[in-house]
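J.: Anchor point for the sequence shown: position 169 equals 443 in the working numbering, and the numbering is continuous, going up by one each time.
The beta carbon of each residue, even a glycine, is placed where N, CA and C say it ideally should be.
Remember, predicted model here, so these are calculated numbers, not experimental data.
Structure provided below as structure tokens; questions to follow.
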Amino acid sequence: MQTLRQSFTTGGTWNQATFARLFVLIDTPNPINVRLYNTGGKMIYEATGVEAGFYTVPEENFARFEIDNAYAGGSVKVGVSQSDKAGYNRVGGKIDAKMIGATSVVNVPFKTVGTTETALAAANQGRASLRIWNNSSSDVFIGAPGLNINDAAIKLAPGGLWIETDAPGAAWVALVAAGTAPVKVQEIIW
């Protein structure tokens, strides 16, 4: 498959020689008209007012195409292939996205983590993130309820800070191998 692009500073016609079987309109800022011609110069296919995502496989191969663009500015991008087994399946468009920040911070009193599971935070789907600070000289093991040291995926070293953003709304627990460890938890709420 070959990709071709034409920029338009004014409206006009793009005339492109290329031998192909498949025609795909990958990107265009406005509707366009497409005409395909065989090697004898005869028009074999015409489409009017088509937009990005349009494709065709005419009954015979084409030797050139013409694209009419009545609009100034922007560019048109097409794909052509000698095989009808190739192509694009792409959706274009504009998306307006806005990041929504958290609205509050909850400072939880220090938790004393021991050799048995200690709850750090209950499940809360309104939580955007969770900060856990190990204020001890021991490693703290963090995970889901039912945690034991051998299956802990998070080992927080002394003085370490863990910021959970993948599953902040889950319930979180901790434990240590021996003794106790003070752990500070801060919840960031949507």
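List the DSSP bridge partners of residue 341.
T.: 288 and 308
J.: Please go through the same chain and pick out, in chain order, the residues whose beta-carbon is closer than 8 angstroms to the beta-carbon of residue 348, but skip the five residues on each side of it.
T.: 281, 282, 302, 303 and 304
J.: Would you say residue 387 and residue 449 are within 8 angstroms of each other, going by their C-beta atoms?
T.: yes
J.: Helix or strand or just coil, what does DSSP make of residue 301?
T.: Looking at residue 301 - three-state DSSP - the assignment turns out to be strand.
J.: In whole angstroms, what separates the C-alpha of residue 319 from that of residue 337?
T.: 12 angstroms
J.: Quick one: complete beta strand (DSSP E) runs, 3+ long, within the stretch 363–441?
T.: 378–387, 392–395, 401–408, 414–417, 428–430 and 435–438
J.: What whole-angstrom Cβ distance do residue 409 and residue 457 have, given they're in contact under 8 angstroms?
T.: 7 angstroms
J.: Assuming residue 334 and residue 312 make a contact with CB atoms under 8 angstroms, what is their CB distance in whole Å?
T.: About 6 angstroms separates the CB atoms of residue 334 and residue 312; that is less than 8 angstroms, so the two are in contact.
J.: How should residue 461 be labelled, buried or exposed, when 16 other C-beta atoms within 10 angstroms of its C-beta is the threshold for buried?
T.: buried
J.: When the Cα atoms are used, what is the spatial distance from residue 285 to residue 343?
T.: 5 angstroms
J.: Comparing alpha-carbon positions, which option in 350, 464 and 275 lies nearest residue 398?
T.: 464
J.: Taking just the CA atoms, how far does residue 432 sit from residue 278?
T.: 57 angstroms
J.: Since residue 297 and residue 350 should fall inside the 8 angstroms C-beta cutoff, what is the C-beta to C-beta distance between them, to a whole number of angstroms?
T.: Not really, about 12 angstroms apart at Cβ, beyond 8 angstroms.
J.: With a Cβ-Cβ cutoff of 8 angstroms, do residue 428 and residue 417 count as a contact?
T.: yes
J.: Taking the beta carbon of residue 415 as the centre, do at least 16 other beta carbons fall within 10 Å, making it buried, or is it exposed?
T.: buried
J.: Taking 8 angstroms as the threshold (C-beta atoms), are residue 438 and residue 403 in contact?
T.: yes
J.: Keeping to the same chain, check which residues put their C-beta closer than 6 angstroms to that of residue 322; ignore five residues upstream and five downstream.
T.: Within the same chain, residue 322 has close Cβ partners 307.
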